[in-house]
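Quick note: the sequence shown uses numbering that gives the first Met the number 0, first residue 0, plus one each step. Yeah, the Cβ is synthetic: ideal placement off N, Cα and C, and Gly gets one too. It should be emphasised that the depicted structure is a prediction, and the values quoted were computed from it without experimental measurement. As C-alpha cells, the structure follows; a few thoughts come after it.
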Amino acid sequence: MAEHLTLWLLFFTSFITLMNPLGVMPVFLSMTANLNSKKRKATAIKATITAFFTLVVFAFGGQMLFSFFGISVAGLKVVGGILFFFMGYDMLNARLSLTKIATEEVDDYVDDISITPLGIPMIAGPGSITNAIILMDQSESLLDKAILISSILVVLIIVLTILLSGTRITQAIGKTGNKVMMKLMGLIVMVIAVEFFFTGIEPYIRHILHIN
C-alpha cells in the first residue's frame, strides 16, 4: 500500500509541476476576459477534458507511434530530460511560461479556444505528454497504469479548480506568492529532468562501452 502511495505521489508531483496550473491561469484569464462566468466555466471544463483525453491517448498510444517511427523510449527520456530542465530553469527564474499567441490567432480560436490553445498545448503541453508516455512505459502492472491515470485525473481536477478560481487566487497570493510558487515548481521539474536524462542516456553509454 505504501509503495503504491509513493508511486502515486511521484506521478502526481511530476504532472502538477509540468502542467504548472499557476502558469496557465493568467493565459486563461486573459483569453476569457470578455466571457461571462457561465461561458468561462464551460471553457475551463472543456479545456480540462480535452487535456485529459490527450494525455490518456498519448500514454497508451505513444509507444505505438514510437515503434512506427523507430523512436526509442531511452531517446525520449534524454530529450524529455533536456526539455524539462530548461522548462524548470525558466520556472526557477520565475518566468511565467506564457504561450505567445498572435491576436489574429486568438480571433481564429475564439469560438473554440477550449480545445486549442487552452487544452492543447497550454494544459497538455509537450512536457506533460512526454511525461505521460514515459511513465506509462515504466508502469508494468495494470494497477500501476490505473495509478498513473488517476494521478492525471486528480491533477486536472486541481487545474480546473485553479482556473475557475483564478481571479481570487491571484489576488490572494499576489505577485510575490506567484513567483515563489513558480520557483518551487521549477526546482522540482529540474530534479525530475536530471533523473529522466541519466536514466535515458544509460543504455547508450552501456552500448558504447559494451557493458551488459
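Taking all protein chains in view, the Cβ of glycine 69 is surrounded by fewer than 16 other Cβ atoms within 10 Å, so the residue is classified as exposed. When C-beta atoms of the region 173–182 are compared with those of the region 70–86, fewer than three pairs fall below 8 Å, so the two segments do not count as touching. In the structure shown, the three-state DSSP call for glutamate 139 is coil. Close CB contacts of alanine 46 within its chain, under the 7 Å cut and outside five residues either way in sequence, are with Ser113, Leu117, Gly118 and Ile122 (chain order). Positions of the beta strand (DSSP E) runs, each at least 3 residues long and wholly inside the region 12–94, cannot be given because no such run exists. By the beta-carbon neighbour count (other beta carbons within 10 angstroms, threshold 16), alanine 171 is exposed. The beta-carbon separation of glycine 61 and isoleucine 132, rounded to 4 Å, stays under the 8 Å limit for a contact. Annotated as proximal: methionine 135 and alanine 58, with beta-carbon spacing under 7 Å.
Between the region 12–24 and the region 145–155 there are three or more C-beta pairs closer than 8 Å, enough to call the two in contact. Valine 193 places its beta carbon 7 Å or farther from that of proline 20. Counting C-beta atoms within 10 angstroms of its own C-beta, asparagine 92 has fewer than 16 neighbours from the protein chains shown and is therefore classed as exposed. In terms of CA proximity to threonine 198, Ser71 leads the group Gly165, Ser71, Ser127 and Pro120. For the 7 Å CB-CB criterion, phenylalanine 27 and leucine 162 form a contact.
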